[in-house]
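Everything below concerns the one structure shown next.
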Amino acid sequence: MSEAIRLEEARRHYAMGDTVVRALDGLSFSVEAGERIAIMGPSGSGKTTCMHLIGCLDRPSSGRVLVGGQDTAGLDEYGLAELRNRQVGFVFQQFHLLPRLTIAQNVELPLLYAGVRPRERRRRALEALERVGLADRSAHRPGELSGGQRQRAAIARALVNSPAILLADEPTGALDSATGRSILELFGEINARGTTLVVVTHDPAIGEGFPRVIRLRDGRLEGGAA
Amino acid sequence: MIESLRLAAESFRSNKLRSALSLVGIVIGVASVVTVTSIAESGTAYLKEQLEAFALDAIQIYPGWDPAGAGRSVELDAALGADILRKVPGAKAVLPRASLPGELRSGRNSASAQVGAVGAPYFAAMGASLELGRGFTAEDEYGRRPAIVLGSELARELFPEGSPVGRDLLLRSGEVASRFEVVGVLAPKGGFFMDDWNRMAYITFAYASERISGGLRPEALTVVASSREGVLALGAALERYFLELTGSPEAANVITPKEWAESDMKMTRTISLILSGIAAISLLVGGIGIMNIMLVSVAERKREIGIRKALGATPRHIRSQFLVEACLLTLAGGGLGLGAGFAAAWAAVAAFKWAFVASLGTAALAFAVSAATGVFFGLYPALRAARLDPVEALASE
Ligand SMILES: Nc1ncnc2c1ncn2[C@@H]1O[C@H](COP(=O)(O)OP(=O)(O)OP(=O)(O)O)[C@@H](O)[C@H]1O
Ligand SMILES: [Mg+2]
Chain S
230 MSEAIRLEEA
240 RRHYAMGDTV
250 VRALDGLSFS
260 VEAGERIAIM
270 GPSGSGKTTC
280 MHLIGCLDRP
290 SSGRVLVGGQ
300 DTAGLDEYGL
310 AELRNRQVGF
320 VFQQFHLLPR
330 LTIAQNVELP
340 LLYAGVRPRE
350 RRRRALEALE
360 RVGLADRSAH
370 RPGELSGGQR
380 QRAAIARALV
390 NSPAILLADE
400 PTGALDSATG
410 RSILELFGEI
420 NARGTTLVVV
430 THDPAIGEGF
440 PRVIRLRDGR
450 LEGGAA
Chain R
2 MIESLRLAAE
12 SFRSNKLRSA
22 LSLVGIVIGV
32 ASVVTVTSIA
42 ESGTAYLKEQ
52 LEAFALDAIQ
62 IYPGWDPAGA
72 GRSVELDAAL
82 GADILRKVPG
92 AKAVLPRASL
102 PGELRSGRNS
112 ASAQVGAVGA
122 PYFAAMGASL
132 ELGRGFTAED
142 EYGRRPAIVL
152 GSELARELFP
162 EGSPVGRDLL
172 LRSGEVASRF
182 EVVGVLAPKG
192 GFFMDDWNRM
202 AYITFAYASE
212 RISGGLRPEA
222 LTVVASSREG
232 VLALGAALER
242 YFLELTGSPE
252 AANVITPKEW
262 AESDMKMTRT
272 ISLILSGIAA
282 ISLLVGGIGI
292 MNIMLVSVAE
302 RKREIGIRKA
312 LGATPRHIRS
322 QFLVEACLLT
332 LAGGGLGLGA
342 GFAAAWAAVA
352 AFKWAFVASL
362 GTAALAFAVS
372 AATGVFFGLY
382 PALRAARLDP
392 VEALASE
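Heads up: the protein sequence lines correspond to chains S and R, in order. For the first sequence, the working numbering begins at 230 and goes up steadily by one. For the second sequence, the working numbering begins at 2 and goes up steadily by one.
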């Protein structure tokens, strides 16, 4: 199997006045295509920072990050945007749907930025909503949906471009446990169809459901093993 | 593109008042631009019409005023006319012109009108043509015949049915009432400064001064040039003649056709200059308003920008989203400004008694100006939005 994600000695440092915050401090691991992993660790250990690097929203201060075999260091903003658009789907704890757009319009956004024509966009958005069981809500605004439904809409949006990697940062953090479980089931189905899945979570019960868990502490792998 | 338009419309709906306020400057600016160009266009059309209406080989002489010494203004009498003909090269004829208020009556119809008292060749000299009948002849003038020529509107009022030519009417001016025979009706013609051809009646100066108003003095002299090409030289010669005669350049007003029309245009040039100033200032103020509202909008929508970037929007996508928004705002202002500008120009043009010209070019200019203002003042906020760091933008509230 090919490699979906690879971090080599990735560091992300923030200069805060005269101190340096080492959000990531030499992190190395790799994820095979189609794998399903959880990233765990205490608050401030660098989980979100790590997701940002994998999702091409940010670049390492030093070290290398490869997404789909592509080194993000060599890319400009346009190259990063394209990599985000084609390779990665994001699911956030706070859903991050745009409140003024309908659910269908929200789901269409990645296709819009990929340059897909409106008719085709609409068709694929409805297809993605169908997959998450929200086809009947396509004309609603996010404010009219429950938390679980919003997260499903966000997942549809992350999937609509058929990305190789799905990244979810505490996707169940804002949901009750039953709703959270149904979201995780949905992730399981998506992964079963071949999408690489990386989920950040605090919840050990959720972590147990994953075949592989990466534990972070102070910006490094806990215990040093991958 | 359509997506950006829809997005922009959405964002205005949620900020109605603020958007409306920021538009005021643009509206005033574009309205000024539209007013200036409309007045200029209407004025140019008017000038052209005037030059066509004006006999190109006639020069008008009005009494001047001399602030240095009273009584030095020239007397525009028959003796002066004769002297001009004798001494000024290039003058073919000198025609007196005066006007009297008059009451005209034909059967049950009556009208009041200015009555022009003119020399016999006046219509030919002024390039006015007859619709019906004839103008004055030398016989009318020397025979002191009670002949009258009517403007087209006046003719219709006094003689609603049939041709007035050959019919009689009663003219009362002051104490005197006399019977006249209508010999001709003028073809409709654009207004000639203070004269309204269509609403005036004309009789011969000779008749008026002898039979109606004893010792009637010409208010102006019309000097006809021997040739059209010689009209400017004649104007200069007349200036010299009056300077020699009176020693003052102010003693008489010698007005050649072009000058006549252009003196009217000077006023519009001043108005245009003032309005251009207003336009520039309002567009600047309006543009800064737009820049401000767009900066606020970018700051408020940081998270939206972060989300869009996370979904694959490039800096170019974000930049054009905000540019389109700024342009839509200014275009909305431009649309209102176009309407307001046309209205203002229409009112101004009506006050000058010109025909209003609303051109497509002016509308295009209004939209070009507003779009350009949007792009110019929206660019900085749009660039700021495009350059936002996605991680930082996502983290903001
Ligand atoms: N923009 C920034 N500037 C300075 N420090 C930052 C910045 N972003 C993150 N950090 C720091 O980097 C460290 C790692 O942050 P990160 O958000 O990755 O943690 P996390 O594991 O996701 O925590 P949590 O579980 O609370 O979400 C923290 O100490 C944080 O304060
Ligand atoms: Mg986090």
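For every residue, glycine included, the Cβ atom is placed at its ideal position computed from N, Cα and C. Only a predicted model underlies this, so the values are computations on that prediction, with no experimental measurement involved.
Assigned exposure category for residue i - 16 Cβ within 10 Å defines buried
i	result
Met269 of chain S	buried
Leu18 of chain R	exposed
Tyr307 of chain S	exposed
Pro258 of chain R	buried
Ile256 of chain R	buried
Arg241 of chain R	exposed
Asn110 of chain R	exposed
Thr1 of chain R	Residue 1 of chain R falls outside the range modelled here, since chain R spans only 2 to 398, and no answer is possible.
Val225 of chain R	buried
Leu22 of chain R	exposed
Glu305 of chain R	buried
Met127 of chain R	buried
Glu245 of chain R	exposed
Met245 of chain S	exposed
Arg87 of chain R	exposed
Tyr203 of chain R	buried
Ala238 of chain R	buried
Ala385 of chain S	buried
Ile289 of chain R	exposed
Ile60 of chain R	buried
Ala354 of chain R	It should be noted that the sequence gives Lys, not Ala, for residue 354 of chain R. Under this definition Lys354 of chain R is an exposed residue.
Ala209 of chain R	buried
Ser375 of chain S	exposed
Contact belief for residue i with residue j at Cβ below 8 Å, rounded distance in angstroms
i	j	result
Ala239 of chain S	Ala393 of chain S	At roughly 19 Å, the Cβ-Cβ gap does not stay under 8 Å, so Ala239 of chain S and Ala393 of chain S are not in contact.
Ser283 of chain R	Ile29 of chain R	4 Å
Asn199 of chain R	Gly65 of chain R	About 30 Å; that fails the 8 Å criterion.
Pro328 of chain S	Gly372 of chain S	6 Å
Glu133 of chain R	Gly185 of chain R	Per the sequence shown, residue 133 of chain R should be read as Leu rather than Glu. Going by Cβ atoms, the distance from Leu133 of chain R to Gly185 of chain R rounds to 6 Å, so yes, they are a contact pair.
Leu404 of chain S	Gly377 of chain S	6 Å
Gln316 of chain S	Val345 of chain S	16 Å between Cβ atoms; not a contact.
Arg98 of chain R	Glu220 of chain R	6 Å
Gly91 of chain R	Ser227 of chain R	5 Å
Gly448 of chain S	Leu256 of chain S	7 Å
Gly408 of chain R	Ala364 of chain S	Shown here, chain R extends from 2 to 398; a query on residue 408 of chain R therefore has no answer.
Val232 of chain R	Asp78 of chain R	Not a contact, Cβ separation roughly 24 Å.
Phe471 of chain S	Gln380 of chain S	Nothing in the structure corresponds to residue 471 of chain S, since chain S is present only between 230 and 455.
Minimum C-alpha distance to residue i - residue among the options
i	options	result
Ile62 of chain R	R:Val34, R:Gly44 and R:Ile85	R:Ile85
Ile291 of chain R	R:Leu6, R:Ala10, R:Ala9 and R:Ser20	R:Ser20
Ile27 of chain R	R:Leu324, R:Ala352, R:Phe353 and R:Ala280	R:Ala280
Ala387 of chain S	S:Ala333, S:Leu295, S:Pro289 and S:Gly436	S:Ala333
Ala80 of chain R	R:Ala118, R:Gly91, R:Leu96 and R:Pro90	R:Leu96
Val297 of chain R	R:Arg317, R:Leu187, R:Phe323 and R:Leu151	R:Phe323
Lys49 of chain R	R:Val358, R:Pro382 and R:Glu162	R:Val358
Leu171 of chain R	R:Glu211, R:Phe353 and R:Gly108	R:Gly108
Gly175 of chain R	R:Leu133, R:Gly215, R:Ala349 and R:Thr36	R:Gly215
Val31 of chain R	R:Arg135, R:Leu187, R:Glu142 and R:Val286	R:Val286
Ala125 of chain R	R:Leu276, R:Val166 and R:Thr138	R:Thr138
Tyr47 of chain R	R:Gly278, R:Lys190 and R:Ser113	R:Lys190
His369 of chain S	S:Ala382, S:Arg350 and S:Glu311	S:Ala382
Gly318 of chain S	S:Ile412, S:Ser291 and S:Gly284	S:Gly284
Val34 of chain R	R:Glu76, R:Phe368, R:Arg106 and R:Thr247	R:Phe368
Pro391 of chain R	R:Ala352, R:Ala341 and R:Arg302	R:Arg302
Val350 of chain R	R:Val325, R:Ser43 and R:Ala9	R:Ser43
Glu393 of chain R	R:Gly120, R:Gly278, R:Ala372 and R:Lys310	R:Lys310
Test: residue i CB closer than 8 Å to a CB of chain B
i	result
Leu337 of chain R	Absent from the structure: chain B. Protein chains present are S and R.
Within the segment 242-297 of chain S, note down every full beta strand (DSSP E) run reaching 3 residues or more, in order along the chain. Listed in chain order, they are 248-261, 265-269 and 291-296.
Contact set, ligand 2 heavy atom to C-beta under 7 Å: Ordered by chain, the residues meeting the criterion of a beta-carbon within less than 7 Å of a non-hydrogen atom of ligand 2 are S:Lys276, S:Thr277, S:Asp398, S:Glu399 and S:Val429.
Secondary structure, beta strand (DSSP E): runs of 3+ residues fully inside the segment 113-169 of chain R: Annotation: the segment 113-169 of chain R contains the following complete segments of the beta strand (DSSP E) (minimum length 3 residues), in chain order: 131-134 and 148-151.
Every unbroken beta strand (DSSP E) inside the segment 311-336 of chain S [3 residues or more]: Fully enclosed beta strand (DSSP E) runs of 3 or longer: 317-320.
Curious, which full-length alpha helix (DSSP H) runs of at least 4 residues does the segment 315-342 of chain R contain? Considered as a whole, the segment 315-342 of chain R harbours no complete run of any alpha helix (DSSP H) with no fewer than 4 residues.
Secondary structure, beta strand (DSSP E): runs of 3+ residues fully inside the segment 222-286 of chain R: Listed in chain order, the complete beta strand (DSSP E) runs (minimum 3 residues) inside the segment 222-286 of chain R are 253-256.
Return the chain-ordered ranges of every beta strand (DSSP E) run that is complete within the segment 182-216 of chain R and spans a minimum of 3 residues. With a minimum length of 3 residues, the unbroken runs of beta strand (DSSP E) contained wholly in the segment 182-216 of chain R fall at 202-205.
Please give me, in chain order, every unbroken run of the alpha helix (DSSP H) with length at least 4 that falls completely inside the segment 361-389 of chain S. Runs of the alpha helix (DSSP H) inside the segment 361-389 of chain S: 376-388.
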